[in-house]
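**Q** Pasting a structure below so you can have a look.
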Amino acid sequence: MSDAAPTASPRRRQVLFLVVFGVLLAGSFTLLSVNWVNDHAVEPFTAGVARVSGAALRLLGQDVTLDGTVLRSPDFAVNIENGCNGVETMLIFMAAVLAFPASWRSRLAGLAIGLVAIQGVNLVRVVALFLTGAYLPGFFDASHTVIWQTLVILSGVLLWLLWASRFALPARA
Amino acid sequence: MTGKAASRGAGGAEGGTGRRRWAWRLVRNTVLWLIPAAALWALLTPSYNRFLELAGQNLVRLTESPDATRLLPRDDHYAAISRLDLPPSREVVGSLRVTDLHFPAILLVALFLAVPDVPWKERLAALGLALVVSAVFHVLLVLFWVKFTYATQLGDWSLARYGAFARNFWGLGKHLLDLPVKLALPFLLWTWFYLDRLLPRGEEA
Chain A
1 MSDAAPTASP RRRQVLFLVV FGVLLAGSFT LLSVNWVNDH AVEPFTAGVA
51 RVSGAALRLL GQDVTLDGTV LRSPDFAVNI ENGCNGVETM LIFMAAVLAF
101 PASWRSRLAG LAIGLVAIQG VNLVRVVALF LTGAYLPGFF DASHTVIWQT
151 LVILSGVLLW LLWASRFALP ARA
Chain B
174 MTGKAASRGA GGAEGGTGRR RWAWRLVRNT VLWLIPAAAL WALLTPSYNR
224 FLELAGQNLV RLTESPDATR LLPRDDHYAA ISRLDLPPSR EVVGSLRVTD
274 LHFPAILLVA LFLAVPDVPW KERLAALGLA LVVSAVFHVL LVLFWVKFTY
324 ATQLGDWSLA RYGAFARNFW GLGKHLLDLP VKLALPFLLW TWFYLDRLLP
374 RGEEA
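Top line first, the protein sequences correspond to chains A and B. Read left to right, the first sequence gives residues 1 to 173 (this note's numbering). Read left to right, the second sequence gives residues 174 to 378 (this note's numbering).
Given below as structure tokens:
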């Protein structure tokens with residue numbers, strides 16, 4: 001994770017990227033599985049996602065009330081849980097940015113913009129899922145896992161590709 | 174989405190500009206490939222689920238003697254986890270949405286078919302290899318789901334047969350495989366084949 005790429009061989013840089021990415025990913029998700037981290041970081045964050053999603057739904061004219069992480073309307077209720085808060089994609093994106101050979105300045109800029117963008121996509125997902133549940137309940141299951149999970153992960157991967165193509169540091173000769 | 178002659182360098186003579194243009198084409202192609210990839214995945218899902226149930230059941234049985242586990246298809250998406258050594262009224266101990274184990278394959282197919290400036294033959298060979306690795310991973314994930322159910326979800330039955338280490342091993346293993354590894358696998362495999370195209374040559378320094 002140093003600013004200067006340490007090796008010249010593209011294959012070695014590739015392997016180094018994969019190793020660092022894997023370690024960061026496993027470490028961050030192991031941390032997430034600790035109850036204390038879940039209770040003191042993930043749950044409050046998820047409650048924040050629920051609050052913002054509730055506000056967005058009210059802007060769209062939905063009669064929504066919020067109870068912790070549960071969004072409820074007369075037609076439908078949904079509990080925003082781990083997996084629906086965008087944290088997984090944020091961690092994958094973060095690990096990929098930190099593992100890639102780029103300057104720290106580029107990494108910090110990438111993280112700041114990328115994480116906000118991923119949360120933007122996740123907000124669209126929660127709002128769209130709520131509306132799907134309320135008006136097209138037959139499509140909710142497929143939308144919930146397959147469609148939106150894929151789209152949120154895709155957004156993280158594509159953002160990383162665009163960032164990496166711009167900020168990659170050359171290897172030392 | 175056409176395959177031109179391979180030029181190993183999104184970052185070749187054109188340097189950073191070429192790399193950025195290549196990445197934008199990759200992004201566009203990935204989005205375009207998403208719907209065909211999703212359609213193919215949806216078409217193959219029922220058969221692939223049967224394969225995973227059978228392969229997963231055989232893998233779980235390698236860890237037990239005598240054979241006790243049965244994975245029974247409930248519909249196109251769900252499988253029931255059942256044990257032959259429990260009374261018939263209690264033999265179903267859990268269920269598993271098999272489809273949820275492999276939907277990231279949509280992203281994998283789209284990403285691998287979208288790579289610009291790589292001949293079709295090379296793209297398809299890389300995709301084939303990535304799909305084989307993914308299939309092995311999916312079978313392993315079935316094993317972890319079933320063992321996680323046995324080790325942590327069956328109350329006294331779990332406590333009597335699995336110690337603290339085993340419960341943590343299967344629990345953390347399932348957590349890591351089912352979230353980060355499953356979701357990041359398409360990206361990981363893609364970078365294994367194509368990351369060098371995003372890296373500048375040494376002479377660009």
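Note that CB positions come from ideal geometry on N, CA and C, so glycine has one too. As the structure is a computational prediction, the values presented were derived from the model and not from experiment.
(1) Mind checking the segment 21-49 of chain A against chain B and listing, in chain order, the residues whose C-beta falls within less than 9 Å of any C-beta there?
(2) Three-state secondary structure (DSSP) at B/A283?
(3) Distance cutoff 8 Å, beta carbons only. Does B/L368 sit that close to anything in chain A?
(4) Have a look at A/F17 and B/Y251 and give me their C-alpha separation to the nearest angstrom.
(5) Measuring only between beta-carbons, confirm whether B/T348 sits less than 8 Å from chain A.
(6) Against A/E81, what residues of chain B qualify as contacts under a CB-to-CB distance less than 9 Å, listed in chain order?
(7) Helix, strand or coil for A/N38? Go by DSSP, reduced to three states.
(8) Please name the residue, chosen from A/F93, A/I147 and A/A102, that lies closest to A/I118 on a Cα-to-Cα basis.
(9) Select from B/A210, B/G229 and B/S331 the residue whose C-alpha is nearest the C-alpha of B/L274.
(10) Going along chain A in order, which residues have a C-beta closer than 9 Å to the C-beta of B/V288?
(11) What first and last residue would you give for the beta strand (DSSP E) that runs through B/Y323?
(12) Return the bridge partner residues of B/Y251 from the DSSP annotation.
(13) Just mark A/S28 as buried or exposed, buried being the case when its beta carbon has 16 or more other beta carbons within 10 Å.
(14) Just checking, does the segment 65-83 of chain A make contact with the segment 43-57 of chain A on the three C-beta pairs under 8 Å criterion?
(15) On the three-pair Cβ rule with 8 Å, is the segment 337-345 of chain B touching the segment 246-260 of chain B?
(16) CB A/A102 to CB A/F167, shorter than 8 Å?
(17) Show which residues of chain A have a CB atom less than 8 Å away from the CB atom of B/W343.
(18) At which residue ranges does the segment 54-129 of chain A contain complete alpha helix (DSSP H) runs of 4 or more residues, listed in the order of the chain?
(19) Tell me the residue span of the alpha helix (DSSP H) that contains B/L244.
(20) Can you find at least 3 beta carbon pairs, one from the segment 354-361 of chain B and one from the segment 275-283 of chain B, that sit closer than 8 Å?
(21) Would you call A/Y174 buried or exposed, if buried means 16 or more other Cβ atoms sit within 10 Å of its Cβ?
(22) Would DSSP call B/V265 helix, strand or coil?
(23) Residues in its own chain within less than 6 Å of B/L207 by CB, not counting five upstream and five downstream?
(24) According to the neighbour-count rule (16 or more other Cβ atoms, all chains shown, within 10 Å of its Cβ), is B/L216 buried or exposed?
**A** Looking at the coordinates:
(1) Listed by position along the chain: F21, G22, L25, A26, S28, F29, T30, L32 and S33.
(2) It is helical.
(3) It does; some Cβ of chain A falls within 8 Å.
(4) Distance between the alpha carbons of A/F17 and B/Y251 is about 36 Å.
(5) This sequence places His at residue 348 of chain B; Thr is not what is there. Closer than 8 Å to some Cβ of chain A, the Cβ of B/H348 qualifies, so yes.
(6) Per Cβ cutoff of 9 Å: no residues; A/E81 is ~12 Å from chain B at best.
(7) A/N38 falls in the helix class under three-state DSSP.
(8) Checked all of A/F93, A/I147 and A/A102; the closest Cα to A/I118 is A/F93.
(9) Closest option to B/L274, judged by alpha-carbon separation, among B/A210, B/G229 and B/S331: B/G229.
(10) Chain A residues near B/V288: none, gap ~11 Å exceeds 9 Å.
(11) B/Y323: not part of any beta strand (DSSP E); member of the alpha helix (DSSP H) spanning W293 to T325, first to last residue.
(12) DSSP, once it has assigned bridges, lists B/R270 as partnering B/Y251.
(13) A/S28 counts as buried, since at least 16 other C-beta atoms from the protein chains shown sit within 10 angstroms of its C-beta.
(14) Counting Cβ pairs under 8 Å, three or more are found: they touch.
(15) Three or more beta-carbon pairs separated by less than 8 Å are not found between the segment 337-345 of chain B and the segment 246-260 of chain B, which leaves the two stretches without contact.
(16) Their beta carbons are under 8 Å apart, which means A/A102 touches A/F167 by this criterion.
(17) Within 8 Å Cβ-Cβ: nothing; B/W343 doesn't reach chain A, min ~13 Å.
(18) Uninterrupted alpha helix (DSSP H) stretches at least 4 residues long and entirely within the segment 54-129 of chain A occur at 87-99, given in chain order.
(19) For B/L244, there is no enclosing alpha helix (DSSP H); the enclosing beta strand (DSSP E) covers residues T242 to P246.
(20) With the rule of 3 Cβ pairs closer than 8 Å, the segment 354-361 of chain B counts as touching the segment 275-283 of chain B.
(21) Nothing can be reported for residue 174 of chain A: it is not among the residues displayed for chain A, which extend from 1 to 173.
(22) In the three-state reduction of the DSSP assignment, B/V265 falls in the strand class, which pools E and B.
(23) In the same chain as B/L207, and ignoring 5 residues on each side of it, the C-beta atoms closer than 6 Å to its own belong to A283, in chain order.
(24) Looking at its Cβ environment, which holds fewer than 16 other Cβ atoms inside 10 Å, B/L216 is exposed.
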